[in-house]
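A quick write-up on the structure given underneath.
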Amino acid sequence: MSISELVIRALSRHKGFESAHIWSVENEEKYSTLELQRASGLRSKLVSKEIFSLMRHLNHEGIFTRGLCSGIQGQGSLKDTLAAFGEHMSALAQGKKVHYVELGPEPIKTAHLVKALRTQASGILLYTAVDINETSELSMKNAIAPLLDNENNFHYVAANYHHLCRSDIDRKQDLTLITMLGFQEGNELPTVIGELIRNLSDSTTYVVSEMQLYIEGHNKHIYDFYQNDCMVAFSRLVSQLQDFQATGDHIVTLLTLPVLGRELYAAVTLQPGTRDGVPGYLITNICLKYTMEQFRAIRQYQGLEVIDEFMTGDASVVYQLSRLKKPGRDAGSVIQ
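If you read the sequence shown in the working numbering, its first letter stands for residue 405, the second for the next number, and so on.
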């Protein structure tokens, strides 16, 4: 069962949505501009460009809003936590030929991390962006290529990263960094992400993830994020792509989904409106929200070991570094 199917089933038992018409849209339909996915040509591409611009603005706001995600004493803002994580990555990469592979690229946080990797003691840094939204290419090149020793070290692959394998990102590097920023790992089930990581990884690979966490009894940060103007506009753009007539702003809800033998939380945005005259809701975004313990257990299930974690002062966001377990270490079976 897909994550969308799990959400629709959960909504059928959720107060206020029991008898509502619910439509869902897969990630490829929301983001892809690839030839096989294009349904409406130029219009689709223009909306996709606007979606990328919205996400860029959202990340810029996250990094440059003073004190965002800080703790009670003002420590550990999102920007400071990302900087500390970047320093750790720089130490790991020192003197090595590094291939930074970004799945679903964004220029703001990535530029911070790439700058951190470009120290005097750093070796060669190669960068590859992999995206189904081709409108991101120019923005990523303008943001990242000038930070590299040679513009030829910048590569862009217009493809669904689920269709890639290790040989597609092999450039004889000493160290591979596979990054998923902007909470995007939560858009898919952990089984799907685990397969993706294993397909792209070898013993030189580290996985870099940014996740927004579920905190029992304290989840205002989740609602605040999805009620941001950029996310509200995102839902309207997705509605346009789906020929769904939006009415009003989207609704944000937290659902529990049965995943790997446990109940995991998911933030879901539902755009009210009509399709072909039928009133209902379009699911415009789904993102799993793990607790810190669940995120660690999921890595174990996926066959990875957590190397390090950097958490914001309010414990709402974590940057995690993990890698494939060494042979002989068993993966987990359920999420605790």
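C-beta atoms are modelled at their ideal positions from N, C-alpha and C, and glycine is treated no differently.
For V411, there is no enclosing beta strand (DSSP E); the residue is found in the alpha helix (DSSP H) stretching over 407–415.
Less than 7 Å separates the beta-carbon of P511 from that of M544. Note that the segment 557–564 does not touch the segment 486–502; fewer than 3 beta-carbon pairs, one per stretch, sit closer than 8 Å. Boundaries of the alpha helix (DSSP H) around P511: 511–521.
For D712, the uninterrupted beta strand (DSSP E) run begins and ends at 708–715, by DSSP. Counting the other CB atoms within 10 Å of its CB gives I626 a total of 16 or more, which places it among the buried residues. Note that the segment 722–732 touches the segment 594–609; at least 3 beta-carbon pairs, one per stretch, sit closer than 8 Å. Going by DSSP, A562 is part of the beta strand (DSSP E) stretching over 558–562. A residue is called buried once 16 or more other Cβ atoms fall within 10 Å of its Cβ, and E589 is buried on that count.
A straight-line Cα-Cα distance of about 49 Å links D574 and P683. By the 16-neighbour rule on beta-carbons within 10 angstroms, S720 is buried. Per DSSP, P550 lies in no beta strand (DSSP E) and is assigned neither H nor E.
Contact annotation: F648 and G677 have beta-carbon atoms nearer than 7 Å. Nearest Cα to M635 within the set V596, N557, T583, V656: V656. Sequence-distant Cβ neighbours of L462 in its own chain, meaning closer than 6 Å and more than five residues away, are C634. In the displayed model, V429 falls within coil according to three-state DSSP, outside both helix and strand.
Taking C-beta separations shorter than 6 Å and ignoring five residues to either side along the sequence, the partners of D653 in its chain run V636, following chain order.
Between L530 and Q498 the beta-carbon gap is near 16 Å, outside 8 Å, which marks them as no contact. L529 is bridged by DSSP to V502. Secondary structure remark: continuous beta strand (DSSP E) runs of at least 3 residues inside the segment 677–701, in chain order: 682–693. Within the model, the alpha-carbon separation for M615 versus Q646 is close to 28 Å. Beta-bridge partners of I582 (DSSP): V505, V611. Taking 7 Å as the cut-off, the Cβ atoms of A671 and Y630 count as close. Under the three-state reduction of DSSP output, I619 falls in the coil class, being neither helix nor strand. In this structure, the alpha-carbon of T651 lies about 30 Å from that of D535. Taken atom to atom, the span from the alpha-carbon of Y685 to that of E432 is near 19 Å. Each residue's CA atom was taken as its position, placing S406 and T660 some 14 Å apart.
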